[in-house]
Structures are given as structure tokens and as C-alpha cells.
Amino acid sequence: TLRVGEEPVRFERLILALGAHPKPLPVADDDAEVHLLRSLDHARRLVASAGHARSAVVIGSGFIGCEAAASLALRGVATTLVTPDEVPQQKRLGREAGDRIAQWLIGAGVELRTGVRVGQVRAPRTVHLDDGATLAPDLILAAVGVEPGGGWLEDSELTMHEGRIVADEHLAAAPGVWVAGDVARAHHAVAGRPIPVEHWGDALGRGEVAGHNAARTEVGVPGGAGQASVLAHAATADPESLRRWEAVPGFWSTIGEHTLKHAAWGDGHEQARMVERTGGFTLWYTDAQDRVVGVLTYNADEDYERGRELVAGRDAVGEGRGRPDPA
40 TLRVGEEPVR
50 FERLILALGA
60 HPKPLPVADD
70 DAEVHLLRSL
80 DHARRLVASA
90 GHARSAVVIG
100 SGFIGCEAAA
110 SLALRGVATT
120 LVTPDEVPQQ
130 KRLGREAGDR
140 IAQWLIGAGV
150 ELRTGVRVGQ
160 VRAPRTVHLD
170 DGATLAPDLI
180 LAAVGVEPGG
190 GWLEDSELTM
200 HEGRIVADEH
210 LAAAPGVWVA
220 GDVARAHHAV
230 AGRPIPVEHW
240 GDALGRGEVA
250 GHNAARTEVG
260 VPGGAGQASV
270 LAHAATADPE
280 SLRRWEAVPG
290 FWSTIGEHTL
300 KHAAWGDGHE
310 QARMVERTGG
320 FTLWYTDAQD
330 RVVGVLTYNA
340 DEDYERGREL
350 VAGRDAVGEG
360 RGRPDPA
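Its first residue numbered 40, the sequence shown is counted upward by one per residue in our numbering.
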């Protein structure tokens with residue numbers, strides 16, 4: 040039973056695709072003019088503000104922050120990107136990738152303020168940094184991550200983990216209930232462990248898996264429909280007819296005129312190895328056993344496709360389908 044307001048809605052099959060929402064900036068005044076970027080409405084408001092802004096501050100150096108900062112600068116807006124990291128994307132992609140991204144941002148006209156934190160944002164648009172500097176831009180964008188949309192289910196019968204709904208490799212969270220998208224913390228059939236993923240392509244793919252499995256599953260309702268929560272009912276299906284979540288998570292990101300492609304399990308690596316390519320580069324990410332757990336490419340599509348195979352096959356660099364070492 041799902042309750043919408045005060046009204047109970049009974050179901051036999053339910054797919055929860057609750058997404059995520061951008062984190063607000065905790066150090067900003069309630070009435071400070073701070074943009075967020077997640078929805079089409081957010082984008083329209085940001086574009087409208089950028090149309091008459093001469094200066095901007097972007098807070099956060101994740102992919103949203105880097106993409107937005109480069110785009111604003113290329114529109115002629117004097118843009119400063121503020122991040123506590125030494126280089127953009129250092130935690131996710133490593134120092135070498137971060138150095139390349141920093142070069143691209145500077146080339147696009149972005150001023151980087153690295154290794155500093157925002158201490159406070161005062162209304163309407165004044166940014167105080169912890170190094171004592173004060174910025175007063177025409178536009179402020181906070182790109183400091185997202186929060187999964189499942190927090191309101193913490194007291195439900197579902198198993199939750201930090202706002203995400205725990206599910207198996209078939210994306211089943213409970214009998215009669217499936218989950219897809221950013222709100223899922225599903226077991227990955229190939230990685231062999233639960234992985235949270237926040238990429239739109241993977242959200243689409245998991246939606247297909249969840250929808251297929253929901254359609255293939257018979258949900259039994261003892262004693263007639265509506266007598267008890269569907270979570271307590273039996274859900275049965277031929278295992279051979281069900282799909283598993285097994286695609287390697289991946290995405291692309293365009294920063295100015297440069298497009299990165301990334302595929303990885305997304306939960307860390309031990310080493311990052313840079314290989315230069317003509318007009319581009321590849322970064323191979325490996326674990327303690329030298330198995331490839333991720334690949335990042337710029338103008339190296341063949342490496343990207345091979346990297347996805349190596350990640351999926353849990354192979355070491357130089358292994359997989361008899362191919363030579365990528366260097």
C-alpha cells in the first residue's frame with residue numbers, strides 16, 4: 040500500500056524511481072541568490088541570469104561545476120570556480136586527470152580558486168572564502184552534490200542505506216517493489232557488490248531492467264487483493280526470464296570543447312596510469328590486484344571500448360581477448 044497524502048493507493052507492482060535533488064549550500068543565507076542545477080527549470084533560470092551577468096562564482100568542482108564554469112566563461116561571463124580540492128575532480132579521477140581538467144578550465148577563461156572553502160554566502164550575492172577573500176559576483180551557482188530522493192522512506196518496510204533503497208541484482212527491493220535510477224543502491228551482478236550510481240544513462244538502463252522484471256513477475260495476494268501490504272506477499276517469476284543489472288556504469292562529460300568518457304565501478308581505485316594518445320589520453324584505473332576497475336579517455340574511443348570490456352571482465356591491463364598491453 041502506498042499512501043498519497045491521506046489516501047492509500049493499493050498496488051500489485053510498484054517501481055520507485057525517485058531520483059535525487061541537488062544539495063543546498065549549507066553556509067548560505069536563506070535569502071541569498073544561489074542557483075542550483077538539476078532540472079530543466081533550474082537550467083532555464085541559470086541561462087536567464089547568465090544573460091545579463093558580467094561575473095559568476097561556481098562553488099564545487101564536480102562534473103556539473105566544471106561543465107557550468109566552462110560554459111559560463113565561454114559565454115563571456117568572468118567566472119571563478121571555488122573548490123577545496125587541489126585540482127578539480129581529484130577525489131574521483133585522481134591528480135593527473137584533475138590537472139588536465141584544470142588546464143581546460145583555465146583555457147576557457149575560468150579563474151580557479153583551489154584549496155579554499157566557502158565560509159559563508161551573504162544575501163544577496165556575497166561569497167566569503169575561508170582564506171579571507173570576498174567575492175561579489177552577479178551570479179552564484181552551487182554544485183556540491185546531490186541527495187537521494189528516498190529519505191522519506193526511512194520508516195517504511197524497505198531496506199534503506201543513506202537515503203537510497205537497497206535492491207538485488209534484478210532491482211527488486213521487496214516482493215512487488217522494484218527500484219531504478221539515482222535512488223537505488225542495487226547489487227551489481229558483475230561487480231559482485233552494491234553500487235550507487237548517479238549517471239543518467241545508467242538510470243535509463245536500470246529503468247528498463249526494473250520494468251522488464253516487474254512485467255515478468257507474478258505477485259500473489261493471499262486472500263484477495265488489498266488485505267495487506269504487498270511487501271508481505273509472494274512475488275514469483277521464472278529466474279531465466281528476469282534481467283540482471285550488469286552493465287558497467289559510464290558517462291561522458293563535456294567541459295568547454297573537451298569531452299571525457301568514463302566507465303568504472305565508481306567506488307575507488309588503487310592506482311591510476313596515464314597513457315598519452317595522439318590528440319588525447321587514457322587513464323587506466325586499477326585495484327590492488329592490478330585489475331582494471333575504471334577507464335577515463337579523451338579522444339581515445341578505442342581505449343574506452345576496450346576499457347569497458349576489461350572492467351566487465353575483471354581483467355588486468357594487458358589481458359582480455361588476447362589484446363596487447365594498452366601502452
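Positions of the beta carbon are idealized from the N, C-alpha and C atoms, including for glycine.
Here the structure is a predicted model, which means the values were calculated and not measured.
- request: Please work out which residues of its chain come closer than 6 Å, Cβ to Cβ, to H200, disregarding the five sequence neighbours upstream and downstream, and give them in chain order.
  value: As a first step, residue 200 must be located in the sequence shown, where it is residue number 161. So the list reads R224, once near-sequence residues are dropped.
*asked:* Taking DSSP's pairing of strands, which residues face Y343 in a bridge?
replied: Position 304 of the sequence shown, counting from 1, holds the residue named residue 343. Partner(s): none; Y343 has no beta bridge.
Can you give me the C-alpha to C-alpha distance between L243 and L132, rounded to a whole angstrom?
To locate residue 243, count along the sequence shown from 1; it is residue 204. To locate residue 132, count along the sequence shown from 1; it is residue 93. Taking the straight line joining both Cα atoms gives about 24 Å.
**Prompt:** With C-beta atoms as the reference, is I294 less than 8 Å away from A109?
**Reply:** As a first step, residue 294 must be located in the sequence shown, where it is residue number 255. As a first step, residue 109 must be located in the sequence shown, where it is residue number 70. It is a contact, given that the beta carbons lie within the stated cut-off.
For I381, the residue or residues it bridges with in DSSP: Residue 381 cannot be examined here, being either before or after the span of the chain that is shown, 40 to 366.
task = Go to S100, then tell me how far its beta strand (DSSP E) extends in each direction, as first and last residue.
result = As a first step, residue 100 must be located in the sequence shown, where it is residue number 61. Looking at the DSSP string, S100 is not in any beta strand (DSSP E), and its letter there is neither H nor E.
| query | Mind checking P261: buried by the 16 CB within 10 Å criterion, or exposed? | reply | Within the sequence shown, the letter at position 222 stands for residue 261. Below a pLDDT of 50, predicted positions are generally treated as unreliable, and P261, at 42, falls in that range; the measurement from the model is reported next regardless. Under this definition P261 is an exposed residue.
query: Is S100 buried or exposed, if buried means 16 or more other CB atoms sit within 10 Å of its CB?
result: Here residue 100 refers to the residue found at position 61 of the sequence shown. By the neighbour-count rule (16 or more Cβ atoms within 10 Å), S100 is buried.
Exercise for review: Run the CB neighbour count on D194, radius 10 Å, all protein chains shown included, and call it buried at 16 or more, exposed below.
Suggested key: Counting from one through the sequence shown, the residue named residue 194 turns up at place 155. So D194 ends up on the exposed side.
- Task: Report, in whole angstroms, the separation of the C-beta atoms of G305 and V236, which I expect to be a contact under 8 Å.
- Result: As a first step, residue 305 is located in the sequence shown; it is residue number 266 there, counting from the start. As a first step, residue 236 is located in the sequence shown; it is residue number 197 there, counting from the start. Right, the Cβ-Cβ distance comes to about 6 Å (below 8 Å), so this counts as a contact.
At a cut of 8 Å, does the region 124–140 reach the region 63–72 through at least three beta carbon pairs?
-> no
(Q) Quick check on this structure: which residue in R282, R283, H209, G289 has the alpha carbon closest to the alpha carbon of G240? (A) Position 201 of the sequence shown holds residue 240. It is G289 whose Cα lies nearest to the Cα of G240.
Cα-Cα separation, V425 to D207: This structure leaves residue 425 out entirely; the chain is present only between 40 and 366.
#### Entry: Status (buried if at least 16 other CB within 10 Å, exposed otherwise) for A89
On the sequence shown, residue 89 is found 50 positions in, with the first residue counted as 1. Classification of A89: buried, given that the 10 Å Cβ count is 16 or more.
Practice prompt. With S88 as the anchor, note down where its alpha helix (DSSP H) starts and where it stops.
Written response: One-based indexing of the sequence shown puts residue 88 at position 49. Note, S88: alpha helix (DSSP H), 79–89.
*Going by DSSP, which residues form a beta bridge with G289?*
Start at 1 with the first residue of the sequence shown, and residue 289 comes out as number 250. Per DSSP, A302.
Quick check on this structure: which residue in C105, L55, V350 has the alpha carbon closest to the alpha carbon of L192? For the purposes of this step, residue 192 is identified with residue 153 of the sequence shown, where counting begins at 1. That would be L55, whose Cα lies nearest to the Cα of L192.
Check: Taking all protein chains shown into account, do 16 or more other C-beta atoms lie within 10 angstroms of the C-beta of A175, making it buried, or fewer, making it exposed?
Finding: Counted from its first residue, the sequence shown places residue 175 at position 136. Exposed, by the Cβ-count rule.
* Asked: DSSP puts T400 in a beta bridge; with which residues?
  -> Any property of residue 400 remains undetermined from this structure, which presents the chain solely from 40 to 366.
**Item:** Beta-carbon proximity check, H251 vs R282, cutoff 8 Å
**Value:** On the sequence shown, position 212 is the one that residue 251 refers to. On the sequence shown, position 243 is the one that residue 282 refers to. Yes.
**Request:** Specify, as a first and last residue, the run of the beta strand (DSSP E) that V185 falls within.
**Result:** Mapped onto the sequence shown, residue 185 falls at position 146. It spans 185–187 - the beta strand (DSSP E) in which V185 sits, taken as one unbroken run.
With distances taken between CB atoms, is the gap from F320 to Y343 smaller than 8 Å?
Walking along the sequence shown from the start, residue 320 turns up at place 281. Walking along the sequence shown from the start, residue 343 turns up at place 304. Against a cut-off of 8 Å, the Cβ pair of Y343 and F320 comes out as no contact.
To which residues of the same chain is R152 closer than 8 Å at the C-beta, ignoring the five residues directly before and after it? Translated into the one-based positions of the sequence shown, residue 152 becomes position 113. If we look at R152 and ignore the five residues flanking it on each side, its Cβ neighbours are T119, L120, V121, T122, L168, A172.
*Beta-carbon proximity list for H74, same chain, < 8 Å, skipping 5 on both sides*: Within the sequence shown, residue 74 is the residue found at index 35, counting from 1. Taken in chain order, the residues that qualify are H81, R84, L85, S88, L178, I179, L180, A181.
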